[in-house]
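All remarks here apply to the structure that follows.
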Amino acid sequence: MAEIEAEPPTVQIDAHRDSAGAHVVVLSGELDSSNADLLKERLASIPTQPAQRLIFDLTGLRFMDSAGIAVLIGVAAKASSVSIRNPSPIIRRVLTTTGLDNVFSIES
Amino acid sequence: MCDMNSGTVTASTTGARHDLAAEPPVAEGAVSTARPSGSLWRWRPSWVAVAALLTGLIVTGALALTSAAVYNRNERRLLNLRVRELSLVLAATAPSIQTPLASAAELADATGGNAQKFHAFIAPYVGPGRQFTSVSLWPLGTTHLVPSTVLGSAPVLASMPERAKQFFTHATRPGVLNLTSFLSSSRPALGFDFIAPGRAHGFAVYAENPLPASRRSKLEKNSAFSDLNYALYLGRSHRTSDMLLTSLKRLPIMGRQASDIVPFGAGVFTIVVSPNGSLGGTFFEHLPWIIALAGLLVSLAAAVMTDRLASRRQRAEQLAGILDRVAAENRQMYTEQRSIAQTLQHALLPERLPEFDGLQVGARYVPAASGIDVGGDWYDVVTAGDGQVLVMIGDVSGHGLRAATTMASLRHAALAYATQDPSPACVLAQLSDFVNSGDHDYFATMLCALIDVGAHRLTVASAGHMPPLLIDGADGQFVEFDANVPIGVVRTSPYLQRTLSVGPDATLVAFTDGLVERRGEVLDVGLARLREAATNAALGLEDLLSELAHSLTSEDHHDDTAIVGIRWQR
């Protein structure tokens, strides 16, 4: 019940292109099933081409559940490479448990 | 079977939703009819407003009556004061009448009734505009009483010898002013006489003043007593026949009045007065009415205000009642949908696990503490031939019907692949190919363990799933692998499997992430918690699973949890 009454977690999404032409998506807050669709919509608006690099900067992200991981996996198929930058130890552990550290390149 | 079940459940869900959704508009209608309409005719004041009006009227009435009583008491008091004042003023005129008559009587006695001296003394007091209309000197001691000297008009008394005799011999006291009146005469008049005290009583001085025929004599407007009506009587009488003067057309005096006895020489007057208007001022006279009118207006205003407040409060209470009902309906809907979700979940999971020789199996499914979504967790334990048992557990990302139906199709596909080849890596690889061949936006983690019961051996492969806990004796270890990607993720390498030999009474606990994952906590902390809980308790398999399901899922756990346990039996 406490989960329902508490403030829903929020995620901030900020997207830009870096000097190398890669799309950088900066996520902060908490990403879970309640707001993963926001990220999905936002990523759909980014015109990724198959040859393009996509970088998720998770420096400010405190929590990510399987719904969030599903979104990352969803875009992984569309970009040539997907990197995850600065995941917290908690998120990094989730990525290694699910074997996704083999799918995404993880940058510290 | 599962599809049919889910179809039936969905239909009843929409049915329930329809019934409940139809309720609130009826309640809204009730509010709008209860709202007071603008027409005054339909106005039904609330009982509080009526009570406020009544209270206001009672208070107003009490105040007005009190004010009227105070006013009346004041008027009475003032009137008593005024009649007293008037009486004193009247009494004070006695010496101005007595003194000249007494002096003249003394002179007449001293001069033996010398007419010339009497005339000279009294003349200034007699005539129009002076003190007396008529003054006469009467020698006493004769049988036939007549005045010896008369100044002014002829006295009425002189025409009534019997009356004169009676008056001078019996009714007159020497040394004081005596009064008499001729009220029934054609020339009504008031007479005064004085006989000098002592010695011989030789002469009486008699003065007479006429009274108006109508007896009416208004007080002058600028007089100190112009605010009073009066009636003056001779003696102590209140009879109209004894009335000397009055300011009124009609007698007796009605209404509020006061009277006083005025001593005047040997006799008395009685004076009766009534107020001409209000003695204390018109404001105080009107004050009770002002209070009544103002009180009435205030009471009405208060009643209207109270009624408005009361109707607002009533509306607020109605709204609160509706909100309560809606909240109760929502709770009911929530409970129903949660129960529907759990029914569906159980329909999607194996109804009963098969039994095996030499191997105990058990499973638990703990739905999320709140929410109405079905989860994407599943498990299966099936026989795989040659004394082998295949344990599968998985978790589709996300929640809801989509995750649940995806889970159902994965579960059945996995069962189908397992009948072809129960090798864990093979089942995972085939399932992965199956999912990746179509368009999809989910992923699923999955663990397959093929148990060789007789050989005490198990072969495990994982698609990104939580490592299972192997309890062998007192030792509990998670079975680690080279991580392989989840189902639904394009894989670049084949799924790997690992075979382990275990002790005679080893236990394997496979689970989904809800059992160990906590927000804000590294996964290893949750894994350590599980290992400690599982190895410290020397429990039977069923009790162990119940204990884990109970103690490791908190009251607010947000994820579904599936647990499968197997234990070799000697």
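From first to last, the protein sequence lines are chains A and B.
Using my numbering, read the first sequence as starting at 2 and increasing by one per residue.
Using my numbering, read the second sequence as starting at 30 and increasing by one per residue.
Idealized CB from N, CA, C, for every residue including glycine.
The structure presented is a predicted model; accordingly, all values stated were derived computationally and were not measured.
Where the region 423 to 448 of chain B meets chain A: residues whose CB sits under 8 Å from a CB there: Here the close residues are 424, 426, 427 and 428.
Buried or exposed by the 16-neighbour rule on C-beta atoms within 10 Å, applied to residue 61 (chain B): For residue 61 (chain B), the predicted structure reports a pLDDT of 42, less than 50, and the residue's modelled location is therefore unreliable. The matter cannot be settled from this model.
Endpoints, alpha helix (DSSP H) assigned at residue 85 (chain B): Start and end: 76 to 121.
Cβ neighbour criterion (16 or more within 10 Å) applied to residue 592 (chain B): Answer is buried; the Cβ neighbour count reaches 16.
Contact under 7 Å by Cβ, residue 225 (chain B) with residue 134 (chain B): Their beta carbons are under 7 Å apart, which means residue 225 (chain B) touches residue 134 (chain B) by this criterion.
Separation of residue 570 (chain B) from residue 368 (chain B), as counted between CA atoms: Each residue's Cα considered, the two are about 28 Å apart.
Contact the region 382 to 398 of chain B vs the region 441 to 458 of chain B: 3+ CB pairs below 8 Å: Under the three-pair Cβ rule at 8 Å, the region 382 to 398 of chain B does not count as touching the region 441 to 458 of chain B.
Per-residue burial, residue 126 (chain B) [other beta carbons within 10 Å of its own, 16 or more giving buried]: Its Cβ being crowded by 16 or more others within 10 Å, residue 126 (chain B) is buried.
Check: residue 88 (chain B) C-beta below 6 Å from any heavy atom of the ligand HEM: Looking for the ligand HEM in the displayed structure turns up nothing, as the structure carries no ligands at all.
Within chain A, the residues that residue 604 (chain B) reaches when beta carbons sit closer than 7 Å: There is no way to answer for residue 604 (chain B), as the model of chain B reaches only from 30 to 599.
Where residue 54 (chain B) sits in the DSSP three-state scheme: In this prediction, residue 54 (chain B) scores a pLDDT of 41, lower than 50, which makes its location untrustworthy; no coordinate-derived value is stated.
Range of the contiguous beta strand (DSSP E) that encloses residue 195 (chain B): Per DSSP, residue 195 (chain B) belongs to no beta strand (DSSP E); it is in the alpha helix (DSSP H), 190 to 195.
Test: residue 464 (chain B) CB closer than 7 Å to a CB of chain A: False, the Cβ-Cβ gap to chain A never drops below 7 Å.
Contact list for the region 61 to 75 of chain A against chain B, Cβ threshold 8 Å: Contact residues of the region 61 to 75 of chain A toward chain B are 63, 64, 66, 67, 68, 70, 71, 74 and 75 (C-beta to C-beta distance below 8 Å).
7 Å Cβ shell around residue 588 (chain B) - same chain, five flanking residues per side excluded: Result list for residue 588 (chain B): 397, 542, 543 and 546, in chain order.
The region 266 to 283 of chain B / the region 208 to 219 of chain B touching (three or more Cβ pairs under 8 Å): Taking a cut-off of 8 Å on C-beta distances, the region 266 to 283 of chain B touches the region 208 to 219 of chain B, as three or more cross pairs fall below it.
Residue 177 (chain B) beta carbon less than 7 Å from that of residue 186 (chain B): Contact: no.
Residue 309 (chain B) versus residue 266 (chain B): straight-line alpha-carbon distance, rounded: When rounded, the distance between both Cα atoms is 30 Å.
Boundaries of the alpha helix (DSSP H) in which residue 147 (chain B) is found, first to last residue: Taken as a continuous stretch (DSSP letters only), the alpha helix (DSSP H) holding residue 147 (chain B) covers 144 to 151.
Member of B:203, B:150, B:84 and B:492 whose CA lies at the smallest distance from the CA of residue 179 (chain B): Minimum Cα distance to residue 179 (chain B) is reached at B:150.
C-beta neighbour in chain B for residue 94 (chain A), strict 7 Å: Answer yes: the Cβ-Cβ gap between residue 94 (chain A) and chain B drops below 7 Å somewhere.
Contacting positions in the region 538 to 550 of chain B - beta carbon closer than 9 Å to chain A: The residues in question are 542, 546, 548, 549 and 550.
Cross-chain neighbours of residue 507 (chain B) in chain A, by beta carbon under 7 Å: The contact set of residue 507 (chain B) on chain A, defined by CB atoms closer than 7 Å, is empty, because the minimum CB distance reaches about 10 Å.
Member of B:490, B:408 and B:333 whose CA lies at the smallest distance from the CA of residue 81 (chain B): The option with the nearest alpha carbon to residue 81 (chain B) is B:333.
Beta-carbon proximity list for residue 598 (chain B), same chain, < 8 Å, skipping 5 on both sides: Closer than 8 Å at the Cβ level, and outside the excluded window around residue 598 (chain B), lie 387, 388, 389 and 534.
Listed by chain order, chain B residues near residue 78 (chain A) by CB distance under 8 Å: Ordered by position in chain B, the residues that pass the 8 Å Cβ test against residue 78 (chain A) are 519.
Three-way DSSP call (helix, strand, coil) for residue 411 (chain B) in this model: DSSP places residue 411 (chain B) in strand when its eight states are reduced to three.
Proximal residues of chain B, C-beta to C-beta of residue 90 (chain A) below 7 Å: Ordered by position in chain B, the residues that pass the 7 Å Cβ test against residue 90 (chain A) are 551.
Residue 474 (chain B) versus residue 464 (chain B): straight-line alpha-carbon distance, rounded: The straight-line gap from Cα to Cα measures roughly 12 Å.
Interface residues of the region 465 to 494 of chain B facing chain A [CB-CB below 7 Å]: Using a CB distance below 7 Å, the part of the region 465 to 494 of chain B facing chain A consists of 470, 471, 472, 474 and 493, ordered along the chain.
Residue 579 (chain B) (DSSP reduced to helix, strand or coil): In the structure shown, the three-state DSSP call for residue 579 (chain B) is helix.
Contacts around residue 54 (chain A), its chain only, beta-carbon distance under 6 Å, and the 5 residues preceding and following it disregarded: Hits under 6 Å: 23 and 82.
Close Cβ partners of residue 539 (chain B) (< 7 Å) along its chain, the five nearest in sequence each way excluded: Cβ within range, chain order: 420, 422, 476, 478, 497 and 593.
Opposing strand residues paired with residue 238 (chain B) [DSSP bridges]: Looking at the DSSP assignment, residue 238 (chain B) forms a beta bridge with B:219.
Cross-strand partners of residue 593 (chain B) (DSSP beta bridge): Answer is B:392 and B:539.
The region 514 to 522 of chain B in contact with the region 102 to 109 of chain A per 3-pair CB rule at 8 Å: They touch, by the three-pair rule.
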